[in-house]
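Student: Here it is: the structure, laid out below.
Number of protein chains: 2
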Amino acid sequence: MEAAEFRRRGKEMVDLIADYLENIEQRPVYPDVEPGYLRSLIPEEAPEEPDTYEDVVKDIERVIMPGVTHWHSPYFYAYFPTANSFPAMLADMLSGAIGCIGFSWAASPACTELETVMMDWLGKMLKLPEDFIAGTHGQGGGVIQGTASEATLVALLAARSRAVRMILASDPQRPETGITSKLVAYSSDQAHCSVERAGMIAGVRMKKIPTEQSDKYAVQGETLRRMIQEDKAAGLIPFYFCATLGTTPSCAFDHITELGPICNAEKIWMHIDAAYAGSSFICPEFRPLLNGIEFADSFNFNPHKWLLVNFDCSTMWVRKRSDLIGAFKMDPLYLKHDHQESGRYFYTDNSLFRSLKMWFVFRMYGLKGLQDYIRKGSNEVNETLLKRINNGRKIHLVPCQLSGQFVLRFAVCARTTESRHIREAWRLITQLAEEVMQELPH
Amino acid sequence: MEAAEFRRRGKEMVDLIADYLENIEQRPVYPDVEPGYLRSLIPEEAPEEPDTYEDVVKDIERVIMPGVTHWHSPYFYAYFPTANSFPAMLADMLSGAIGCIGFSWAASPACTELETVMMDWLGKMLKLPEDFIAGTHGQGGGVIQGTASEATLVALLAARSRAVRMILASDPQRPETGITSKLVAYSSDQAHCSVERAGMIAGVRMKKIPTEQSDKYAVQGETLRRMIQEDKAAGLIPFYFCATLGTTPSCAFDHITELGPICNAEKIWMHIDAAYAGSSFICPEFRPLLNGIEFADSFNFNPHKWLLVNFDCSTMWVRKRSDLIGAFKMDPLYLKHDHQESGRYFYTDNSLFRSLKMWFVFRMYGLKGLQDYIRKGSNEVNETLLKRINNGRKIHLVPCQLSGQFVLRFAVCARTTESRHIREAWRLITQLAEEVMQELPH
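Sequences listed follow chains A and B, in order. Count the first sequence with our numbering and you get residues 1195 to 1636, in order. Count the second sequence with our numbering and you get residues 1195 to 1636, in order.
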């Protein structure tokens, strides 16, 4: 296929994509196929001679679509959101065409530099402490990872390397393997399974901190403090704590304002995994959930979940870039270049031009547009809904104000109210809410 | 941006991409910018209100292009090739729109299944031993990784897990950290730096096997055998050897037909890293370079380097899927589904729909088209060139046949030949070769 044909096929593909996304809610969200369904639909070997493009396109509906779980269907409530926006898709098209591999500054300066600046933009949207912003002279900064799992592992490895260095500095004769076998890392028993896996990969002990329903499944400072003391008494070396802001099962928030100072005092690396919830911190009303970030060594969340930047784009910031670079540094001659020691950048192995889609999305939505997307609704919409409800005169409620939000308050008041009245009221509320939503500009 | 605008902007982007790639050789291949160039060209923060799309597109030439190293310029001879083809780009557009996250079969069956079948297609193109093909009943099979570095690490972790299990089976009381600290892995001193890094990440000893220029920088069986014996005598446990087929500095090939039986006898996991050279094995005349694969536990190469499938697509096969699955298995409730134990698939964490681009590329080129791309030229072209050279009657040479290839043979014969004659002959040959190439259908 040459450029001329690509011009035609590419435009057809743009229409196919727009058609798919415009009509996605008509497809069954979860496919009705059995394992192995696909193998029987296509040949057992690649063709010797090329197929026609028409045949390939026909097979998208015949072979692929029947087996797709449609993550962007409005009926998809499983797992977690995965971002999908038109500006990000346009940026990805461009990124694919440029097709550079950004494993060093010289391998494509624009790729490294745009990533550094976009991470600053996003860090400022989140009001991260100045320490995490690269700027022109900062020691910290951000780097894009593929997933939060990767970021958790990278942070753990950097923490392991820092711990070993600190111990060797005071006891240079101690064998390194002897240190590693004493290291102990912590996370909530509610943490994502990738945290435990990071411990397995790095070959270090990983302990789960128990949480209680009565504490809303949040790790408490006191529990961590006790475990650290017990482990130190047993001769172990606590070195890493992965806090979660927004756990997978119940969106629980560990108490990092309590936990952070403990980690700092014990020289334990505190990593914060806010994979899912982190996007919300761009709204001032949700930003308090991130209080305590000032005690962290590293922080990560996934714009590819809830900030309209298509997968993959997992953003990670560290207080000291040198901690990360030092843990992985390799300098083969074939990667050396004139600006090797500018020290301004991460050694971003295997980076695609992923910052392009951040740039497109941030500019095409603007901060306000992104905040609106997180909020998905506004005080005005809720006020309209309340008016409709009360104007209908079938049921009656009053609003309240919570942290700047206009909230509809539903109180069960009358002695005569039964379940059936509440069910009826709920049906009316949802019906009116739907009408209000449908009248909104898209 | 809504679907209607995406239809328009997407088509403009298709043209922008086609224009970029058709005219790429007119751009300077390596950018003339200093570190930090980009920061001053754009604002310090994301806009509050959206920018216009026109402004974003204008900034591609103003901000991005001046800092791009153009990997697809015909003047780019640095690092290694990175694949870029129109069918792969079309598939990536579709993959971005479907935007599913394939971390389990249920998360998108088509994603997992197409990957398994495409890995079989490619394995058959390479004539891999039957053990590496999943089929409907095989124990082995292929899985897509992001990079060869990732595959090297994954293989090393699976090997570590297997070694620990084997030792614990015979000595259940031995502490696991005591085992890890005795493990030793090997690779060539010519191996890619990521192999050493894999050892650092996994926290195991990694030894470099010395190679000699006189052996064309290939690891010899005798050297490995000696190191294993010395290490075992010192109480260490050899468990992993990463062989390279096509090293980064000089494209050297380790002697896997000698090394494989040693690894098998010592129960050492042999991983083969053919990141760059592996694509060539689809041509029968290059397939002998892969002889010895029958002794390997795992094998990896990068279609995203030399097989026209855009980054990322690093293909890895293992003899026993259970070795890989066992090393990383985590079963949180939120990832359970009805077909959990079908056992047919890898647990492919974080997989995008990367197999789509393999499918598009394999079908749009066909095996023959891919082989032609690897060969980049044919016997016919070489014959035409020889005819032109000899018809010109300025210089004279004769051909020979080497492994089925028509080769132009240049012998310095006459007593009177000086350097200047050879330089002149070379100029003529390259000039005629260029003419022949330009007359070829693109």
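Beta carbons: idealized from backbone N, C-alpha and C, even for Gly. All of these numbers come straight from a predicted model, not from anything done at the bench.
Only counting the same chain, and skipping five residues up and downstream in sequence, which positions put a Cβ closer than 8 Å to that of B/Asp1383?
Tutor: As a first step, residue 1383 of chain B must be located in the second sequence, where it is residue number 189. Excluding residues within five positions, the ones whose Cβ falls inside 8 Å are Lys1402, Ile1403, Pro1404 and Thr1405.
Student: Are any of the Cβ atoms in chain A nearer than 8 Å to that of B/Thr1346?
Tutor: Here residue 1346 of chain B refers to the residue found at position 152 of the second sequence. No, because no Cβ of chain A sits closer than 8 Å to the Cβ of B/Thr1346.
Student: Helix, strand or coil: how does DSSP classify B/Leu1634 here?
Tutor: Start at 1 with the first residue of the second sequence, and residue 1634 of chain B comes out as number 440. The answer is coil: DSSP assigns B/Leu1634 none of H, G, I, E or B.
Student: Comparing alpha-carbon positions, which option in B/Leu1350, B/Leu1322, B/Gly1397 and B/Gly1329 lies nearest B/Cys1436?
Tutor: As a position in the second sequence, residue 1436 of chain B is number 242, starting the count at 1. Residue B/Leu1350 is the option with its Cα nearest to B/Cys1436.
Student: Are the region 1385-1394 of chain B and the region 1424-1432 of chain B touching by the rule of at least three beta carbon pairs closer than 8 Å?
Tutor: The region 1385-1394 of chain B is not in contact with the region 1424-1432 of chain B.
Student: If we ignore side chains and look at the alpha-carbon of each, how far apart do A/Ala1469 and A/Asn1496 end up?
Tutor: Numbered from 1 along the first sequence, position 275 holds the residue referred to as residue 1469 of chain A. Numbered from 1 along the first sequence, position 302 holds the residue referred to as residue 1496 of chain A. A/Ala1469 and A/Asn1496: Cα-Cα distance of roughly 5 Å.
Student: Could you pull the DSSP bridge partners for B/His1465 from this structure?
Tutor: Here residue 1465 of chain B refers to the residue found at position 271 when the second sequence is read from its first residue. Paired residue(s): B/Cys1436 and B/Ser1492.
Student: Counting only the same chain and skipping the five closest in sequence on each side, list residues whose C-beta sits under 8 Å from that of A/Tyr1411.
Tutor: In the first sequence, residue 1411 of chain A corresponds to position 217, counting from 1. Closer than 8 Å at Cβ, skipping near neighbours: Ser1382, Gln1384, Thr1405, Thr1441, Pro1443, Ser1444 and Ala1446.
Student: Kindly indicate the opening and closing residues of the beta strand (DSSP E) around B/Leu1430.
Tutor: Looking up residue 1430 of chain B in the second sequence gives position 236. Segment: none, B/Leu1430 is in no beta strand (DSSP E) and carries neither H nor E.
Student: In angstroms with no decimal places, state the Cα-to-Cα distance between B/Ile1568 and B/Leu1501.
Tutor: Taking the first residue of the second sequence as 1, we reach residue 1568 of chain B at position 374. Taking the first residue of the second sequence as 1, we reach residue 1501 of chain B at position 307. Cα-Cα distance, rounded: 8 Å.
Student: Using the beta-carbon count (16 or more within 10 Å), is B/Ile1616 buried or exposed?
Tutor: Within the second sequence, numbered from 1, the residue matching residue 1616 of chain B stands at position 422. That one is exposed.
Student: Could you list the residues in the region 1229-1256 of chain B with a C-beta less than 8 Å from some C-beta on chain A, going in chain order?
Tutor: Result list: Pro1229, Gly1230, Tyr1231, Leu1232, Arg1233, Ile1236, Glu1238, Glu1239, Ala1240, Pro1241, Glu1242, Glu1243, Pro1244, Asp1245, Tyr1247, Asp1249, Val1250 and Ile1254.
Student: Which residues in chain A have a C-beta closer than 7 Å to the C-beta of B/Gly1317? List them in chain order.
Tutor: What you label residue 1317 of chain B is simply residue 123 of the second sequence in a count that begins at 1. Neighbours of B/Gly1317 on chain A: none; closest Cβ ~10 Å, over 7 Å.
Student: Can you tell me which of A/Lys1588, A/Leu1561 and A/Cys1294 puts its alpha carbon nearest to the alpha carbon of B/Pro1244?
Tutor: Here residue 1244 of chain B refers to the residue found at position 50 of the second sequence. B/Pro1244 has its Cα closest to that of A/Leu1561, out of A/Lys1588, A/Leu1561 and A/Cys1294.
Student: Less than 8 Å between CB atoms is the rule here; does A/Val1262 satisfy it with respect to chain B?
Tutor: Locating residue 1262 of chain A in the first sequence gives position 68, where the first residue counts as 1. By this cut-off, A/Val1262 is an interface position.
Student: Where does B/Glu1248 land, buried or exposed, given buried means 16+ other C-beta within 10 angstroms?
Tutor: Counted from its first residue, the second sequence places residue 1248 of chain B at position 54. The residue is exposed, with fewer than 16 neighbouring Cβ atoms inside 10 Å.
Student: Need the endpoints of the beta strand (DSSP E) that A/Ser1382 sits in, please.
Tutor: Counted from its first residue, the first sequence places residue 1382 of chain A at position 188. Looking at the DSSP string, the run of the beta strand (DSSP E) that includes A/Ser1382 is Leu1377 to Ser1382.
Student: How would you list, in chain order, the residues of chain A whose beta-carbon sits under 7 Å from the beta-carbon of B/Cys1294?
Tutor: As a first step, residue 1294 of chain B is located in the second sequence; it is residue number 100 there, counting from the start. The contacting residues are Val1262, Thr1263 and Trp1265.
Student: Who are the near neighbours of B/Thr1417 in its chain, counting only those whose CB is closer than 6 Å to its CB and skipping five residues on each side?
Tutor: Residue 1417 of chain B sits at position 223 when you count from the first residue of the second sequence. The answer, listed in chain order, is Ile1403.
Student: From A/Val1358, A/Phe1475, A/Leu1564 and A/Thr1438, pick the residue whose C-alpha is nearest to that of A/Ala1521; which is it?
Tutor: The sequence position of residue 1521 of chain A within the first sequence is 327, counting from 1. Nearest C-alpha to A/Ala1521: A/Val1358.
Student: At the 8 Å Cβ level, is A/Phe1280 part of the contact set with chain B, yes or no?
Tutor: Your numbering for residue 1280 of chain A matches position 86 in the first sequence. Interface residue, yes.
Student: Express the C-alpha separation of A/Glu1228 and B/Phe1187 in angstroms, rounding to a whole number.
Tutor: Since the first and last residues shown for chain B are 1195 and 1636, residue 1187 of chain B lies out of range.
Student: Helix, strand or coil: which one does DSSP assign to A/Asp1213?
Tutor: Taking the first residue of the first sequence as 1, we reach residue 1213 of chain A at position 19. A/Asp1213: helix per DSSP, three-state reduction.
Student: At 9 Å on the CB atoms, spell out the chain B contacts of A/Gly1204, in chain order.
Tutor: Working through the first sequence from its first residue, we reach residue 1204 of chain A at position 10. Within 9 Å Cβ-Cβ: Gly1204, Lys1205, Met1207, Val1208, Asp1209, Ile1211, Ala1212, Phe1280, Met1283, Leu1284 and Met1287.
Student: Please classify B/Asp1314 as buried or exposed, where buried requires at least 16 neighbouring CB atoms within 10 angstroms.
Tutor: Counting from 1 along the second sequence, the entry for residue 1314 of chain B is found at position 120. B/Asp1314 comes out buried.
Student: In chain A, which residues lie less than 8 Å from B/Met1313 when you measure between Cβ atoms?
Tutor: Against the second sequence, residue 1313 of chain B aligns to sequence position 119. Neighbours of B/Met1313 on chain A: none; closest Cβ ~11 Å, over 8 Å.
Student: With DSSP as the reference, label A/Lys1588 as helix, strand or coil.
Tutor: Stepping through the first sequence from its first residue, residue 1588 of chain A is reached at position 394. Coil.
Student: How many angstroms separate the CA atom of B/Glu1307 from the CA atom of B/Lys1514?
Tutor: Within the second sequence, the letter at position 113 stands for residue 1307 of chain B. Within the second sequence, the letter at position 320 stands for residue 1514 of chain B. Cα-Cα distance, rounded: 18 Å.
Student: Less than 7 Å between C-beta atoms, sequence neighbours within five positions excluded: which residues of the same chain meet that for B/Val1262?
Tutor: Start at 1 with the first residue of the second sequence, and residue 1262 of chain B comes out as number 68. Cβ within range, chain order: Pro1225.
Student: Given that a residue counts as buried once 16 or more other Cβ atoms are within 10 Å of its Cβ, and exposed if not, what is B/Ile1211?
Tutor: As a position in the second sequence, residue 1211 of chain B is number 17, starting the count at 1. B/Ile1211 is buried by the Cβ-count criterion.
Student: To the nearest angstrom, how far is it from the Cα of A/Gly1537 to the Cα of B/Lys1499?
Tutor: Taking the first sequence and counting its residues from 1, the one referred to as residue 1537 of chain A is at position 343. Taking the second sequence and counting its residues from 1, the one referred to as residue 1499 of chain B is at position 305. Here A/Gly1537 scores only 46 on pLDDT, less than 50, and its place in the model should not be relied on; the value that follows carries that caveat. Rounded to the nearest angstrom, the two C-alpha atoms are 29 Å apart.
Student: Take B/Pro1627 and list the residues in its own chain whose beta-carbon comes closer than 7 Å to its own, dropping the five residues that flank it on each side.
Tutor: Along the second sequence, read from residue 1 onward, the residue named residue 1627 of chain B stands at position 433. This sequence places Ala at residue 1627 of chain B; Pro is not what is there. The answer, listed in chain order, is Leu1579.
Student: What are the start and end residues of the beta strand (DSSP E) that includes B/Thr1509?
Tutor: Counting from one through the second sequence, the residue named residue 1509 of chain B turns up at place 315. Counting along the chain, the beta strand (DSSP E) containing B/Thr1509 begins and ends at Ser1508 to Val1512.
Student: Please classify A/Gly1296: is it buried, with 16 or more other beta-carbons within 10 angstroms of its beta-carbon, or exposed?
Tutor: What you label residue 1296 of chain A is simply residue 102 of the first sequence in a count that begins at 1. By the neighbour-count rule (16 or more Cβ atoms within 10 Å), A/Gly1296 is buried.
Student: Would you please verify whether the beta carbon of A/Lys1321 is less than 8 Å from any beta carbon of chain B?
Tutor: Counted from its first residue, the first sequence places residue 1321 of chain A at position 127. False, the Cβ-Cβ gap to chain B never drops below 8 Å.
Student: I need the straight-line Cα distance from A/Glu1479 to B/Thr1346, nearest angstrom please.
Tutor: In the first sequence, the residue the question calls residue 1479 of chain A occupies position 285. In the second sequence, the residue the question calls residue 1346 of chain B occupies position 152. Whole-angstrom Cα-Cα distance: 45 Å.
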